[in-house]
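Trainee: One structure follows; several queries about it will come next.
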Amino acid sequence: MADKGSCGFFLTVCVASFLMVHADFLVDARVGQLFVYELEREKFQFEFEPFLKLYGRVNNDPMVFKCNKQYFPDLPRWLRFTQRHSFDNGFLYGTPLEEDQGKNVIEITVINKRSYDTFRERLVITVQTPGKRMPYQAEFFIPLREIEKVLPTTVQEDIKQDIQRMWGTEHLDFINITSALDRGGRVPLPLPGHFEGVYVKMGTDQPFSECLLSLQSPQHLRQCEAVGKSSRDCSVCSVSSNCVTWCKSTLIPLSRPELPPPVPTPGSGILAVGGFYDPPESSPSRDFFPDYIVTVIVPLVLALILCLILTYIMCCRREGVEKRDAKTPDIQLYHHHTILSNTDELRSMAGGRRVPQPLSTLPMFNAHTGERMPPLQRPFRSDSGHIPLIMAQEETKH
Ligand SMILES: *[C@@H]1O[C@H](CO)[C@@H](O)[C@H](O)[C@H]1NC(C)=O
237 MADKGSCGFF LTVCVASFLM VHADFLVDAR VGQLFVYELE REKFQFEFEP
287 FLKLYGRVNN DPMVFKCNKQ YFPDLPRWLR FTQRHSFDNG FLYGTPLEED
337 QGKNVIEITV INKRSYDTFR ERLVITVQTP GKRMPYQAEF FIPLREIEKV
387 LPTTVQEDIK QDIQRMWGTE HLDFINITSA LDRGGRVPLP LPGHFEGVYV
437 KMGTDQPFSE CLLSLQSPQH LRQCEAVGKS SRDCSVCSVS SNCVTWCKST
487 LIPLSRPELP PPVPTPGSGI LAVGGFYDPP ESSPSRDFFP DYIVTVIVPL
537 VLALILCLIL TYIMCCRREG VEKRDAKTPD IQLYHHHTIL SNTDELRSMA
587 GGRRVPQPLS TLPMFNAHTG ERMPPLQRPF RSDSGHIPLI MAQEETKH
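The sequence shown maps to residues 237 to 634 in my numbering.
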């Protein structure tokens, strides 16, 4: 079992590496010129089902492509990829710059969305030196197109022919093709007759024609700003969907040498070359006393005053404590004091009451005479509630 498995794995690796080697494609690109590579689904269909073609049957599977620079997660900066739908072809396109010269190895992973098979191929794009100078460039806006519809070679040719007629020269090259969405354009409604729009930039070494130069006339600019339409529109289009918007077309003349940016004027603090820096002896002395007063003393005095006020309020002006007894400011002493005074008050109140004594406290009989006395008829002489214990003696005094 293990032998079988490892053998199968080995075979897979062999086939995969064979396919990897087999699938290297070499293409060239030029600095400053548009590069387009079409990823054809039909070709990859054959890679997925190599023997189906022998029977004259070809499937039409949906496929998606994943493209990245080898060993990197994304594409090189100058290269872009687009595929509208899994039943459409994909396109790698872009304009390499001077710094992109050399080999660009692009890994293309194809995923068959029906069988979920994957297939990988490598595309080696060699970016070469610029073929020619193109000092005259112009950009045209084609409103009725989408980027994928413009990138196929046949459509590019149609557009080129139209512009050749406007320019009056055959020596035109594509410099850039950009979806209007990449330029801040809006996604159109998903309805027929609504398109994203495409910017097409072309260049040549031939000067602009009369027709193109009218794009720079003040009258053209004024009319475009006012009504969005120019009376000097000389655009031509053989296919209506390739027609350009004349007001959105612009000339980019690069024939005049660019002025170098103005040399910065050096300020006074720059040391002359080979000069000697002589630092000042010592910095001028400074009086820190006012700063000290303001930052240390004043806050300290304020804090002290606040502290004193707080102490006075906390200790001497407590709510409920009167100035009556300054020697016993303690709250416990105060409680003790109130208990005492309340007791005194109760005692004096008890002394002044005029209700009869409870029976249990009264003597019921005279011990000497043996006479019983009705308790309630006993007159009381004193207010203090003091009852003489020996009644007989008191009666004798009467
Ligand atoms: C081509 O167009 C893209 C998108 O607008 C832009 O990022 C890129 O710089 C352009 N390249 C050249 C060479 O003009």
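Using N, Cα and C, we set each Cβ at its ideal position, and we do this for glycine too.
1. State the DSSP-derived secondary structure class of Ser445, mapped to helix, strand or coil.
2. Along the beta strand (DSSP E) that carries Cys470, what are the first and last residues, could you check?
3. For Ile347, which option in Cys479, His407, Gln281 and Gln364 has the closest C-alpha, if you only look at C-alpha atoms?
4. From Ile506, Leu544, Arg583 and Gly433, pick the residue whose C-alpha is nearest to that of Leu380; which is it?
5. Have a look at Ser584 and Gln568 and give me their C-alpha separation to the nearest angstrom.
6. Where do the N-terminal and C-terminal ends of the alpha helix (DSSP H) with Ala462 fall, by residue?
7. Under DSSP, the beta strand (DSSP E) around Arg320 begins and ends at which residues?
8. Taking just the CA atoms, how far does Arg316 sit from Tyr352?
9. Taking only three categories from DSSP, how would you classify Lys385?
10. Can we count Ile383 as close to ligand 1, meaning its CB is less than 8 Å from some heavy atom?
11. Could you have a look at Ile541 and say whether DSSP puts it in helix, strand or coil?
12. Out of Ser518, Lys396 and Leu328, which has the shortest C-alpha to C-alpha gap to Asn478?
13. Ligand 1 heavy atoms versus the CB of Arg419: any closer than 8 Å?
14. Helix, strand or coil for Gln306 per DSSP?
15. Among residues of its own chain, excluding the 5 on either side of Phe377, which ones have a beta-carbon nearer than 7 Å to its beta-carbon?
16. CB of Tyr435 to nearest heavy atom of ligand 1: below 8 Å?
17. Can you tell me which of His430, Asp514, Leu270 and Glu384 puts its alpha carbon nearest to the alpha carbon of Arg330?
18. Between Asn412 and ligand 1, is there a pair consisting of the residue's CB and a ligand heavy atom that are separated by less than 8 Å?
19. From Ile383, Gly367, Leu507 and Val294, pick the residue whose C-alpha is nearest to that of His321; which is it?
20. State buried or exposed for Cys551, treating a residue as buried only when at least 16 other CB atoms are found within 10 Å of its CB.
21. Suppose the cutoff is 7 Å on Cβ atoms and the five residues either side in sequence are ignored; what does the same chain contact list for Ser466 look like?
22. In terms of residues, what are the limits of the alpha helix (DSSP H) holding Ser450?
23. Sorry if obvious, but does the Cβ on Thr481 come closer than 8 Å to a heavy atom of ligand 1?
24. Residues in its own chain within less than 7 Å of Leu359 by CB, not counting five upstream and five downstream?
25. With H, G and I counted as helix, E and B as strand and the rest as coil, what does DSSP make of Gly268?
26. Tell me which residue opens and which closes the beta strand (DSSP E) that Pro489 is part of.
27. Kindly list the residues whose CB is nearer than 6 Å to the CB of Cys447, restricted to its own chain and excluding five residues on each side of it in sequence; keep chain order.
28. Between which two residues does the alpha helix (DSSP H) containing Ala508 stretch?
29. From Asp580 to Leu536, what distance separates their C-alpha atoms?
30. In three-state DSSP terms, what is Gln337?
31. Which residues mark the beginning and the end of the alpha helix (DSSP H) in which Glu517 is found?
32. Would you give the residue range spanned by the beta strand (DSSP E) that Phe376 belongs to?
33. When you compare only the Cα positions, how much space is there between Val499 and Ile506?
Mentor: Short version:
1. Residue numbering aside, residue 445 sits at position 209 when the sequence shown is read from its first letter. Looking at Ser445 - three-state DSSP - the assignment turns out to be coil, as it is neither helix nor strand.
2. One-based indexing of the sequence shown puts residue 470 at position 234. Careful: Cys470 lies outside any beta strand (DSSP E) and carries neither H nor E.
3. Taking the sequence shown and counting its residues from 1, the one referred to as residue 347 is at position 111. Closest by alpha carbon: Gln281.
4. Counting from 1 along the sequence shown, the entry for residue 380 is found at position 144. Here the closest residue by C-alpha is Gly433.
5. As a position in the sequence shown, residue 584 is number 348, starting the count at 1. As a position in the sequence shown, residue 568 is number 332, starting the count at 1. Roughly 25 Å between the two C-alpha positions.
6. In the sequence shown, the residue the question calls residue 462 occupies position 226. Its alpha helix (DSSP H) spans residues Pro454 to Val463.
7. Taking the first residue of the sequence shown as 1, we reach residue 320 at position 84. Neither: Arg320 is in no beta strand (DSSP E) and is coded neither H nor E.
8. On the sequence shown, residue 352 is found 116 positions in, with the first residue counted as 1. On the sequence shown, residue 316 is found 80 positions in, with the first residue counted as 1. Spanning the two alpha carbons is a distance of roughly 25 Å.
9. One-based indexing of the sequence shown puts residue 385 at position 149. If DSSP states are grouped into helix, strand and coil, Lys385 belongs with the helices.
10. On the sequence shown, residue 383 is found 147 positions in, with the first residue counted as 1. Checking the Cβ of Ile383 against ligand 1 gives no.
11. One-based indexing of the sequence shown puts residue 541 at position 305. Ile541: helix per DSSP, three-state reduction.
12. Position 242 of the sequence shown, counted from the first residue, corresponds to residue 478. Out of Ser518, Lys396 and Leu328, Lys396 has the C-alpha closest to the C-alpha of Asn478.
13. Here the question's residue 419 lines up with position 183 in the sequence shown. Flag set: Cβ of Arg419 near ligand 1.
14. As a working mapping, residue 306 is identified with position 70 in the sequence shown. In the structure shown, Gln306 sits in coil (DSSP, three-state: anything other than H, G, I, E or B).
15. Counting from one through the sequence shown, the residue named residue 377 turns up at place 141. Cβ within range, chain order: Gly433, Tyr435, Val480, Thr481, Lys484 and Ser485.
16. Locating residue 435 in the sequence shown gives position 199, where the first residue counts as 1. Yes, ligand 1 has a heavy atom inside 8 Å of this Cβ.
17. Taking the first residue of the sequence shown as 1, we reach residue 330 at position 94. First, the amino acid is wrong: residue 330 is Gly here, not Arg. Taking only the C-alpha atoms, the option nearest Gly330 is Leu270.
18. Locating residue 412 in the sequence shown gives position 176, where the first residue counts as 1. The answer is yes for Asn412.
19. Taking the first residue of the sequence shown as position 1, residue 321 is located at position 85. Among Ile383, Gly367, Leu507 and Val294, the Cα nearest to that of His321 is on Ile383.
20. The residue given as residue 551 occupies position 315 in the sequence shown. Classification for Cys551: exposed.
21. As a first step, residue 466 must be located in the sequence shown, where it is residue number 230. Taken in chain order, the residues that qualify are His456, Gln459, Cys460, Trp482 and Cys483.
22. Here residue 450 refers to the residue found at position 214 when the sequence shown is read from its first residue. Taken as a continuous stretch (DSSP letters only), Ser450 belongs to no alpha helix (DSSP H), as it is neither H nor E.
23. The count along the sequence shown starts at 1 and reaches residue 481 at position 245. Not so, every heavy atom of ligand 1 lies at least 8 Å from the Cβ.
24. The sequence position of residue 359 within the sequence shown is 123, counting from 1. Cβ within range, chain order: Phe261, Val263, Tyr273, Ile342 and Ile344.
25. To locate residue 268, count along the sequence shown from 1; it is residue 32. Three-state result, Gly268: coil.
26. What you label residue 489 is simply residue 253 of the sequence shown in a count that begins at 1. Segment Thr481 to Pro489, the beta strand (DSSP E) holding Pro489.
27. Against the sequence shown, residue 447 aligns to sequence position 211. Cβ neighbours of Cys447 beyond the five flanking positions: Met402 and Cys470.
28. By 1-based counting over the sequence shown, the position of residue 508 is 272. Note, Ala508: premise wrong, no alpha helix (DSSP H); not H, not E.
29. Here residue 580 refers to the residue found at position 344 when the sequence shown is read from its first residue. Here residue 536 refers to the residue found at position 300 when the sequence shown is read from its first residue. Distance between the alpha carbons of Asp580 and Leu536 is about 51 Å.
30. Here residue 337 refers to the residue found at position 101 of the sequence shown. Note: Gln337 maps to coil in three-state DSSP.
31. On the sequence shown, residue 517 is found 281 positions in, with the first residue counted as 1. Taken as a continuous stretch (DSSP letters only), Glu517 belongs to no alpha helix (DSSP H), as it is neither H nor E.
32. Taking the sequence shown and counting its residues from 1, the one referred to as residue 376 is at position 140. Per DSSP, Phe376 belongs to the beta strand (DSSP E) from Tyr372 to Ile378.
33. Numbered from 1 along the sequence shown, position 263 holds the residue referred to as residue 499. Numbered from 1 along the sequence shown, position 270 holds the residue referred to as residue 506. If you take the alpha carbons of Val499 and Ile506, they lie about 15 Å apart.
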